[in-house]
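Protein chains in written order, with this note's numbering: chain H, 198 to 311; chain R, 19 to 130. Working notes, beginning with the structure itself.
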Amino acid sequence: KAGVTQTPRYLIKTRGQQVTLSCSPISGHRSVSWYQQTPGQGLQFLFEYFSETQRNKGNFPGRFSGRQFSNSRSEMNVSTLELGDSALYLCASRGGVQPGETQYFGPGTRLLVL
Amino acid sequence: DQQVKQNSPSLSVQEGRISILNCDYTNSMFDYFLWYKKYPAEGPTFLISISSIKDKNEDGRFTVFLNKSAKHLSLHIVPSQPGDSAVYFCAASRTGANNLFFGTGTRLTVIP
Numbered sequence: 198k199a200g201v202t203q204t205p206r207y208l209i210k211t212r213g214q215q216v217t218l219s220c221s222p223i224s225g226h227r228s229v230s231w232y233q234q235t236p237g238q239g240l241q242f243l244f245e246y247f248s249e250t251q252r253n254k255g256n257f258p259g260r261f262s263g264r265q266f267s268n269s270r271s272e273m274n275v276s277t278l279e280l281g282d283s284a285l286y287l288c289a290s291r292g293g294v295q296p297g298e299t300q301y302f303g304p305g306t307r308l309l310v311l
Numbered sequence: 019d020q021q022v023k024q025n026s027p028s029l030s031v032q033e034g035r036i037s038i039l040n041c042d043y044t045n046s047m048f049d050y051f052l053w054y055k056k057y058p059a060e061g062p063t064f065l066i067s068i069s070s071i072k073d074k075n076e077d078g079r080f081t082v083f084l085n086k087s088a089k090h091l092s093l094h095i096v097p098s099q100p101g102d103s104a105v106y107f108c109a110a111s112r113t114g115a116n117n118l119f120f121g122t123g124t125r126l127t128v129i130p
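Written as structure tokens, this is what we have:
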């Protein structure tokens, strides 16, 4: 099976712009989660989608939003970019939402905000 | 508020010796713990996990120990190999939330 894919891999934006990141889960996986990784903060949970519905949301401002399509692909949007949004954004997929189900991560999208 | 902590940002170990990576957590509701390994330019890869009903789980060279009273878990790699050099993340989850809470990672370097 192909793994989780994320596009684009690298992105440079300026403050105030918006950005959309895309994630294609492993075939058959219906749950997609997004994480932000910054130096010194580890990975921080943004949100999780399952069957096109947001199930869970982390402690991020409303500028961060997402959605999931009927084919389980997911997009994440960040509006009014700030310098502090520079980070590696990781997407992870799993088959269901039972505790302990392994999450499989994509390679990430590295966003630089200037 | 960092609920999962990895207090050692880096660790160096000689090839063939034991690597011990440590992780502490503050939320007593966590009931499932995982270790992920991350190479540069790749996403984290699942390594091993443990449920809170157990105190040890072993998979080949990797063993995870859980001490619930101390809210502490550790990953032992024996014997360490140069290919184990990576950043290791500890993660935790709790029933009903399912999202993972990650530590800040420990960079392991195995010296040949």
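Ideal Cβ placement from N, Cα and C applies to all residues, glycine included.
Any idea what DSSP makes of residue i, helix, strand or coil?
i	result
G263 of chain H	strand
D282 of chain H	helix
D150 of chain R	With chain R running from 19 to 130 in the structure shown, residue 150 of chain R is simply not present.
D73 of chain R	coil
G239 of chain H	strand
D42 of chain R	strand
Using the rule of at least 16 other Cβ atoms within 10 Å of the residue's Cβ for burial, across every protein chain shown, is residue i buried or exposed?
i	result
L309 of chain H	exposed
R212 of chain H	exposed
A88 of chain R	exposed
N117 of chain R	buried
A109 of chain R	buried
V96 of chain R	exposed
D19 of chain R	exposed
L243 of chain H	buried
For residue i, return the contacting residues in chain R, with the cut-off set at a CB-CB distance below 8 Å.
i	result
P304 of chain H	A59, E60, G61
F261 of chain H	None at all; the shortest Cβ gap to chain R is about 14 Å.
Could you name the residues of chain H that residue i contacts, counting a contact when the two beta carbons are closer than 7 Å?
i	result
G121 of chain R	G239
F83 of chain R	What F83 of chain R touches in chain H: nothing, since even the nearest Cβ is about 18 Å away.
Using a C-beta to C-beta distance shorter than 7 Å, which residues of chain R count as neighbours of residue i?
i	result
S267 of chain H	Going along chain R, no residue has its Cβ under 7 Å from S267 of chain H, so there is no contact; the nearest lies around 22 Å.
At a CB-CB cut-off below 9 Å, which residues of chain R make contact with residue i?
i	result
G316 of chain H	The structure shown does not extend to residue 316 of chain H, since chain H is modelled only from 198 to 311, so the question has no answer here.
L287 of chain H	G61, P62
Going along chain H in order, which residues have a C-beta closer than 8 Å to the C-beta of residue i?
i	result
F141 of chain R	Only positions 19 to 130 of chain R appear in the structure, and residue 141 of chain R is not among them; the question remains open.
How would you write the range of the beta strand (DSSP E) that residue i sits in, first residue to last?
i	result
Q21 of chain R	Segment: none, Q21 of chain R is in no beta strand (DSSP E) and carries neither H nor E.
N85 of chain R	80-85
V128 of chain R	124-129
Is it true that the region 29-45 of chain R meets the region 63-75 of chain R, where meeting means three or more beta-carbon pairs spaced less than 8 Å apart?
-> no
Three-pair Cβ contact test at 8 Å for the region 95-113 of chain R versus the region 40-57 of chain R | yes
Tell me, please, whether the region 213-224 of chain H touches the region 300-308 of chain H by the rule of three or more beta-carbon pairs shorter than 8 Å.
-> yes
Answer yes if the region 240-260 of chain H comes into contact with the region 199-208 of chain H, meaning at least three C-beta pairs across the two stretches below 8 Å, and no otherwise.
-> no
Check whether the region 230-248 of chain H touches the region 279-299 of chain H, taking contact to mean three or more Cβ pairs, one atom from each stretch, closer than 8 Å.
-> yes
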